[in-house]
Amino acid sequence: MVSRRTAAFFALSSLLFGGTFVAAKAGLAYFPPLLFVALRFDVAAVVMLAYVGLTSSRSELLPRTRGDVGGILATGVLAIGLTNALLFVGQGYVSSAVASIVYSLNPIMTPVFAALLLSDERLSPRGVAGMGLGLLGVGLVVSPDPANLLGGAVGKGILFVGAIAAALGAVLIRRADSDLSSTVRVAWGLPFAAALCHLLAWTGGESMAAIAWSTEAVLALGYVSIFAGVLAYIAYFGLIDAAGAIRANLIFYVVPVVSTLGGWALLDETIDAPAVAGFLTIFAGFAVLGSKSIDVRSRLPRLPADPPLSDDESAVREEPRGYRSD
Numbered sequence: 434m435v436s437r438r439t440a441a442f443f444a445l446s447s448l449l450f451g452g453t454f455v456a457a458k459a460g461l462a463y464f465p466p467l468l469f470v471a472l473r474f475d476v477a478a479v480v481m482l483a484y485v486g487l488t489s490s491r492s493e494l495l496p497r498t499r500g501d502v503g504g505i506l507a508t509g510v511l512a513i514g515l516t517n518a519l520l521f522v523g524q525g526y527v528s529s530a531v532a533s534i535v536y537s538l539n540p541i542m543t544p545v546f547a548a549l550l551l552s553d554e555r556l557s558p559r560g561v562a563g564m565g566l567g568l569l570g571v572g573l574v575v576s577p578d579p580a581n582l583l584g585g586a587v588g589k590g591i592l593f594v595g596a597i598a599a600a601l602g603a604v605l606i607r608r609a610d611s612d613l614s615s616t617v618r619v620a621w622g623l624p625f626a627a628a629l630c631h632l633l634a635w636t637g638g639e640s641m642a643a644i645a646w647s648t649e650a651v652l653a654l655g656y657v658s659i660f661a662g663v664l665a666y667i668a669y670f671g672l673i674d675a676a677g678a679i680r681a682n683l684i685f686y687v688v689p690v691v692s693t694l695g696g697w698a699l700l701d702e703t704i705d706a707p708a709v710a711g712f713l714t715i716f717a718g719f720a721v722l723g724s725k726s727i728d729v730r731s732r733l734p735r736l737p738a739d740p741p742l743s744d745d746e747s748a749v750r751e752e753p754r755g756y757r758s759d
């Protein structure tokens, strides 16, 4: 039975991450990609550190074990920093639809790393079937132009590596088994993510002079920093702690659904029949993943048990063949 807290984390992270692809694509018209991500994490880090500083005690804030340090690095460097750097760069080559379907390979990669690195998370055959249905549903929802899907090999390759980084980061967070709360871990991880992205931006020759500041630019930066940053990360990393890496990354099957519905509600975009079929297919995939396996033997009628044997009957049954008592 899924707890209300876990369901709330799943819904909130799916909803807020759902707008990331649209906001990122809009913001790339004003920001160089790596600098966009770096500024995003600058803002998010300031907000998160201020929040945990006001709401947590000193003992709750300080990392004390190797697992705490490992969880912070897995969060900041892999699950947040490298993942988003690759995501924003990759979106410069392909459409948001293609980006979301490539990034939806994340839930497929997570069980691979979990099988190698975790002892308590394994994907059953039923889980494999559910994952397959979910990925098929994402394809139907996004319905990318086949020409676009086949092209843009560079962008898709970058996005795929980003999906791998996210999956590996989620599993390593689980493996680290940190004693820090997920919120504190994210607050410590965001400065590492910001530093990594600033380094990558500097290495790539990006500069602040290339930014075209406008109202739209500020809105895009605000959304990816606060809503798809601080709030979404609190929910997502809390979900990893509560439900495990495999189930937590199923949000990336829901993200394209949220993006599509948001475009329909806010941008007057249409939803066609394949998209509706995709919604139903994803739902079917989740139903398969969440269903309980049935032991067929438990459904068969039970035969009445044999009555207990008397001492004489037991003695007769224990006699060897060919032996005849007088």
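Following our numbering, the numbering of the sequence shown begins with 434 at its first residue and continues without gaps.
Backbone N, C-alpha and C fix where the C-beta goes; we use that ideal spot for every residue, glycine too.
Practice task
Would you check if the distance between the CB atom of V522 and the CB atom of K589 is smaller than 8 Å?
Solution key: no
Handout entry: Spatial neighbours of N682 in its chain, beta-carbon cut-off 8 Å, leaving aside the 5 residues before and after
Key = N539, P540, T543, A599, A600 and A603
Problem - Residue environment, A441, which counts as buried when at least 16 other CB atoms sit within 10 Å - result: exposed
Exercise for the section: Take D674 as the anchor and find which of F469, G451 and T508 has the nearest alpha-carbon. Expected result: Shortest Cα-Cα distance from D674 to any of F469, G451 and T508 involves T508.
Problem - Inter-residue Cα distance where the pair is R730 and P558 - result: With a pLDDT of 37 at R730, under the threshold of 50, the modelled position of this residue cannot be trusted, and the question is left open.
Exercise for the section: Look at the alpha carbon of P707 and the alpha carbon of V485, and state the distance between them as a whole number of angstroms. Expected result: 44 Å
Handout entry: C-alpha distance - H631 paired with L694, whole-angstrom precision
Key = 33 Å
Practice task
Could you work out which residue in E493, F454, A462 and W646 is closest to N517 when comparing CA atoms only?
Solution key: F454
Exercise for the section: Please name the residue in S647, R618, L549 and Y686 whose C-alpha comes closest to that of A459. Expected result: S647
Exercise for the section: Express the C-alpha separation of T636 and S446 in angstroms, rounding to a whole number. Expected result: Going by the C-alpha atoms only, they are around 31 Å apart.
Problem - Sequence-distant residues of its chain with Cβ nearer than 7 Å to T616 (five each side left out) - result: V485 and I667
Handout entry: L569 versus V690 - alpha carbon distance
Key = 13 Å
Problem - For L472 and A627, the rounded distance between their alpha carbons - result: 7 Å
Handout entry: Close Cβ partners of G622 (< 7 Å) along its chain, the five nearest in sequence each way excluded
Key = I505, T508, G509 and I513
Handout entry: Residue closest to I597, alpha-carbon to alpha-carbon, out of L633, F685 and A609
Key = F685
Practice task
Label R491 either buried or exposed according to how many other C-beta atoms from any shown protein chain fall within 10 Å of its C-beta, with 16 as the threshold for buried.
Solution key: With fewer than 16 Cβ atoms within 10 Å of its Cβ, R491 is classed as exposed.
Problem - Assigned secondary structure, G464 (DSSP; H/G/I helix, E/B strand, else coil) - result: According to the sequence shown, residue 464 is Phe rather than Gly. DSSP places F464 in coil when its eight states are reduced to three.
Exercise for the section: Could you name the residues of the same chain whose beta carbon sits closer than 8 Å to that of G525, not counting the 5 residues immediately before and after it, in chain order? Expected result: L461, P466 and G588
Handout entry: N682 (DSSP reduced to helix, strand or coil)
Key = coil
Exercise for the section: Going by CA-CA distance only, name the one from L449, A457, S640 and T439 that's closest to A653. Expected result: The candidate whose alpha carbon is nearest that of A653 is A457.
Exercise for the section: State the DSSP-derived secondary structure class of S758, mapped to helix, strand or coil. Expected result: The predicted model places S758 with a pLDDT of 45, which falls under 50 and marks its position as unreliable; any figure quoted below should be read in that light. Here S758 sits in coil by DSSP.
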